[in-house]
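In my numbering, the protein residues as written are 889 to 1110.
In what follows, a single structure is set out as structure tokens and then discussed.
Structure follows, in structure tokens:
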């Protein structure tokens, strides 16, 4: 494949798809944190705010927003995310508009996403801890231990996801320009990018017993 001219000619379309999925992933994390924050601070209004209809509309809205912004950044201006011959990494086109997209539309925006998610999750954790402490005297030991376990799992999940996303941004945008060969560049960009998204799902499954139980039920139910 590395010698196929057709693969390289299609690389801008592959790059567009990668950025689109990447943007959906980032927005999904923000929306999940908003959902969780609403659940712990407005439990009585939660079912109305995040009803099935509203949730579907919310998802359609941010998918449409991502589609429009990604199309503008990579199709409407002099910018592209492509695979150049001789390299094993997707890069942004070296033009002034594309450098702005790379820095502000990708790096800064994702740092902003991570900060938002961290703040919302931290607020959710504080609220959960406050409620648990307030009701600790009226809870059975088993129920209290279960609440503490879920609280700590949320802490671990939020911390690990934030660490992995920030690490990926640092390696991809700040460290990769100092790569001495294509292997180092490949490790700091493509491998780092794939690893953070692969580990994201693994972290969610590892920190959520209910997810694991539901998957086992779906896979092994008779």
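Cβ atoms here follow ideal geometry from the backbone N, Cα and C, with glycine treated the same way.
It should be emphasised that the depicted structure is a prediction, and the values quoted were computed from it without experimental measurement.
Among the options, nearest to residue i - alpha-carbon criterion
| i | options | result |
| --- | --- | --- |
| residue 915 | 954, 983, 930, 901 | 954 |
| residue 1099 | 905, 1041, 957 | 1041 |
| residue 912 | 951, 945, 904 | 951 |
| residue 988 | 1017, 936, 968, 893 | 968 |
| residue 957 | 910, 931, 930 | 910 |
| residue 961 | 1045, 905, 1013 | 905 |
| residue 1054 | 978, 1021, 997 | 997 |
| residue 966 | 984, 977, 975 | 984 |
| residue 994 | 1048, 907, 949 | 907 |
| residue 931 | 944, 1107, 1019, 963 | 1019 |
| residue 992 | 1061, 895, 1076 | 1061 |
| residue 959 | 1064, 901, 1014, 1067 | 901 |
| residue 1003 | 897, 1051, 1090 | 1051 |
| residue 964 | 978, 977, 986 | 986 |
Whole-angstrom C-beta distance between residue j and residue i, which should lie under 8 Å
| i | j | result |
| --- | --- | --- |
| residue 980 | residue 990 | 4 Å |
| residue 1009 | residue 921 | 6 Å |
| residue 1059 | residue 1078 | The Cβ separation is near 11 Å, so there is no contact. |
| residue 1045 | residue 999 | With 8 Å as the limit, residue 1045 and residue 999 do not qualify as a contact, their Cβ atoms being about 19 Å apart. |
| residue 1005 | residue 918 | 6 Å |
| residue 896 | residue 971 | 6 Å |
| residue 978 | residue 1089 | Actually they do not touch by this definition, with Cβ atoms about 21 Å apart. |
(request) Enumerate, from N- to C-terminal direction, the unbroken alpha helix (DSSP H) stretches of 4 or more residues contained entirely within the stretch 974 to 1002. (result) 984 to 988
(request) Only counting runs of 4 or more residues, tell me where the alpha helix (DSSP H) segments fall wholly within the stretch 1028 to 1090, in order along the chain. (result) 1029 to 1057, 1070 to 1074
(request) Any chance you could list the beta strand (DSSP E) runs of at least 3 consecutive residues sitting entirely within the stretch 935 to 969, in chain order? (result) none
(message) Does the structure place the stretch 922 to 937 close enough to the stretch 1083 to 1101 that three or more beta carbon pairs sit under 8 Å?
(response) Verdict: no, contact absent.
(request) Determine, using beta-carbon pairs with one atom in the stretch 1085 to 1093 and one in the stretch 1063 to 1077, whether at least three such pairs fall under 8 Å. (result) no
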